[in-house]
Amino acid sequence: MASDKVIGIDLGTTNSCVAIVEDGTPSVIPNRGGYKTTPSMVAIAENGKRLVGHIAKRQAITNAENTVYAAKRLIGRKWGSAAVRSSLEIMPYRIVEGPHDDVRIMLRDQVFSVPEVSAYILQEMKLISDEYLGEEVQKAVVTVPAYFNDGQRQATKDAGRIAGLDVIRIINEPTAAALAYGFGRNIERKVAVYDLGGGTFDISILEIGNGVFEVISTAGDTFLGGEDFDRRVIDWLVFGFEKQHHIDLRKDKMALQRLKDVAEKAKCELSSVKETEINLPFIISTGRNEALHLQTMLTRDKLEELTSDLIDRTIEICARTLEESEIQKSQIEDVILVGGMTRMPRVQHAVAEFFGLEPCKGVHPDEVVALGAAIQGAALTDEKSDILLLDVTPHSLGIMIVGGYFHKLIEQNTTVPTSEQHVFTTV
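Numbering (my numbering) for the sequence shown: 609 to 1035.
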């Protein structure tokens, strides 16, 4: 029997998370292994079996060409876009052109659309929920980066439909985080949500009070996140190895996947230690029954040097957002950090330095978005709920007119829903 409960899903670039509100309390639903997050990875094994989550991640090194990660960075994008071109250079799996300038992913001679790949992850979230609740869940609130455009949002809804879910609402990740932060607390304040995840960055300014969560402004970059930090480490390792051995490790799919794994691991470790060893024995064969090894030390200082411009870009977006919304930094009373990359000490320091106050430590950066989505789902189905969410359009909306000019109809950061009328004639 289908349940009338609504789950909240954070469909992340690196990891995904699902939550539910029961008896007025939001909680994250653990997967079969007891983990509260599941890798956003999909693979096709040699026997044709589809693998999702942790089991897909465990076999990624030996099956690199048929294991997809970071599909969220491709969803809703066109083949000719700069983001797709950049992904072609570094992804070990095959990205191919589909009809209508769309993007497709090829795994073992099977071609999948990006929403299909994302649907497998959403399907896994649904299965986790079904098993935990003991009943089939059909309704969900799914989160997306605040700066996603309409095409990316629609593609995410398509993924939900393919997964067998009725996506009753798509909400922005920073807004969901603010919902979780303010839920059950009688507070009135302006907050900034700094969301640096695996693939995207968002900054949102909200006014919270009396159960009303009003977004004042939002901005971001849908191709700036932990994947870019990993790539800087990978490039550093590749350059050092090539300088010593005159071999480009990026040309070997298995070596590239091993580099990806070790770069991510080292990056995470350097959030708690000052230096870490990177050791990849037998990284590549020389063709003479011999293999070369990669062994080096990476320090936190070096990581910060490699990625400082990425962090600076996030702060520049924050500054621009405050300026456009005519809000002073001194008016911000709390800063909420969301996304795994906010564990990096240099990121925390940069945010604290910019806003002039220490970020709030009361939310879990990996779980808060799913919790907020679940809270919104419960509010949508509870007529007695006093939660009101007022979001904004992240992009200006308009129409192309003669001469190739863009005529704005609705300005960026306009509260939605909204409408605008204008009469146009054909020429």
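C-beta atoms are modelled at their ideal positions from N, C-alpha and C, and glycine is treated no differently. All values derive from a computational prediction rather than experimental measurement.
Range of the contiguous beta strand (DSSP E) that encloses residue i
i	result
residue 901	899 to 907
residue 751	744 to 752
residue 628	623 to 630
residue 677	675 to 677
residue 764	Careful: residue 764 lies outside any beta strand (DSSP E), inside the alpha helix (DSSP H) at 758 to 770.
residue 1006	1005 to 1009
Bridge partner(s) assigned by DSSP for residue i
i	result
residue 715	718
residue 810	803 and 828
residue 822	815 and 998
residue 643	Beta-bridge pairing links residue 643 to no other residue.
residue 649	677
residue 942	799
residue 633	630
residue 705	711
residue 659	651
residue 888	902
residue 614	747
residue 1032	Answer by DSSP bridge pairing: none, since residue 1032 is not bridged.
residue 1016	1006
Same chain, Cβ closer than 8 Å to residue i, five either side skipped, listed in chain order
i	result
residue 962	923, 926, 927 and 937
residue 751	616, 617, 618, 619, 778, 779, 780, 781, 784, 977, 978, 980 and 981
residue 984	616, 749, 777, 779, 784, 787, 995 and 997
residue 658	650, 651, 652 and 728
residue 696	703
Same chain only: Cβ atoms within 7 Å of residue i, ignoring 5 sequence neighbours per side
i	result
residue 907	882 and 883
residue 740	637
residue 1030	1017
residue 734	745, 771, 772 and 773
CB contact flag (residue i, residue j, <8 Å)
i	j	result
residue 979	residue 626	no
residue 977	residue 612	no
residue 857	residue 867	yes
residue 691	residue 702	no
residue 799	residue 934	no
residue 763	residue 723	yes
residue 836	residue 918	yes
residue 805	residue 755	no
residue 865	residue 887	no
residue 650	residue 729	yes
residue 894	residue 621	no
residue 863	residue 841	no
residue 760	residue 684	yes
residue 801	residue 946	yes
residue 832	residue 896	no
residue 687	residue 711	yes
residue 823	residue 959	no
residue 713	residue 660	no
residue 909	residue 872	no
Same chain, Cβ closer than 6 Å to residue i, five either side skipped, listed in chain order
i	result
residue 715	652 and 674
residue 639	646 and 736
residue 747	614, 774 and 776
residue 633	none
residue 855	none
Near the ligand NAP: residue i beta-carbon under 7 Å from a heavy atom
i	result
residue 961	Summarising the ligand content, the structure contains no ligands, and the ligand NAP is consequently not present.
Within-8 Å CB hit, residue i to chain D
i	result
residue 638	The chain inventory of the structure shown lacks chain D, comprising one protein chain alone.
Residue from the options whose Cα sits closest to the Cα of residue i
i	options	result
residue 972	644, 639 and 628	644
residue 624	632, 948 and 741	948
residue 791	688, 829, 759 and 817	817
residue 614	1022, 838, 787 and 987	987
residue 968	1002, 803, 726 and 1001	803
residue 588	1012, 1022 and 992	Outside the modelled stretch of the chain, which goes from 609 to 1035, sits residue 588, for which no answer is possible.
residue 955	916, 929, 745 and 964	916
residue 849	813, 890, 819 and 820	890
residue 929	733, 669, 825 and 819	825
residue 951	663, 896 and 880	880
residue 1028	1012, 1007 and 706	1007
residue 843	813, 686, 914 and 944	914
residue 965	975, 953, 943 and 974	943
residue 870	860, 861, 766 and 885	885
residue 901	845, 910 and 678	845
residue 970	705, 793 and 861	793
residue 672	707, 853, 859 and 898	859
residue 654	812, 670, 648 and 768	670
N-terminal and C-terminal residue of the alpha helix (DSSP H) that residue i is part of
i	result
residue 983	976 to 989
residue 692	690 to 698
residue 796	Where residue 796 is concerned, there is no enclosing alpha helix (DSSP H), given that its DSSP letter is neither H nor E.
residue 790	781 to 790
residue 881	That residue, residue 881, is in no alpha helix (DSSP H); it is neither H nor E in DSSP.
residue 955	953 to 963
residue 842	834 to 853
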